[in-house]
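> In this note's numbering, the protein residues as written are 205 to 335.
Virtual Cβ for every residue (Gly too), placed ideally from N, Cα, C.
Model, not experiment: these values are computed from the prediction.
1. Output the distance between the C-alpha atoms of residue 209 and residue 304, rounded to the nearest integer angstrom.
2. Is it true that the stretch 240-249 meets the stretch 275-282, where meeting means three or more beta-carbon pairs spaced less than 8 Å apart?
3. Between residue 327 and residue 269, is the Cβ-Cβ spacing less than 7 Å?
4. Does residue 243 come out as helix, strand or coil in the three-state DSSP assignment?
5. Say whether the stretch 319-334 touches the stretch 212-219, bearing in mind that this needs 3 or more beta-carbon pairs closer than 8 Å, one atom from each stretch.
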């Protein structure tokens, strides 16, 4: 089944909203785009899997508290949907300043969204080093 063009575009926008929240280091914006339930899952590069929004939120807060800059150049987007689920794979080219140190690195990410009454919500974020 081919994905509906409007679903692809709305999912693209949801993915952009996630990276805007990440880049702005704003936990309230993360609360708005992420599914805040026990089924949420997050794997940061080099971290163990985190299950449930409570653990995931604490991880984002820690990242945000240690960062003074997080800029994303997203490339190689692949987007698809199936009913009320959708996924985006991409390469995150990141420029960051963490604990006063500048870093440039690439990460391969998969973001899985589920449609809710208030739009697409990020349920799974899995990022791995780009080797």
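To lay it out plainly:
1. Whole-angstrom Cα-Cα distance: 42 Å.
2. Too few Cβ pairs lie closer than 8 Å, so no.
3. Going by beta carbons, residue 327 and residue 269 fall outside the 7 Å limit.
4. The answer is coil: DSSP assigns residue 243 none of H, G, I, E or B.
5. Contact annotation: the stretch 319-334 touches the stretch 212-219, with at least three C-beta pairs closer than 8 Å.
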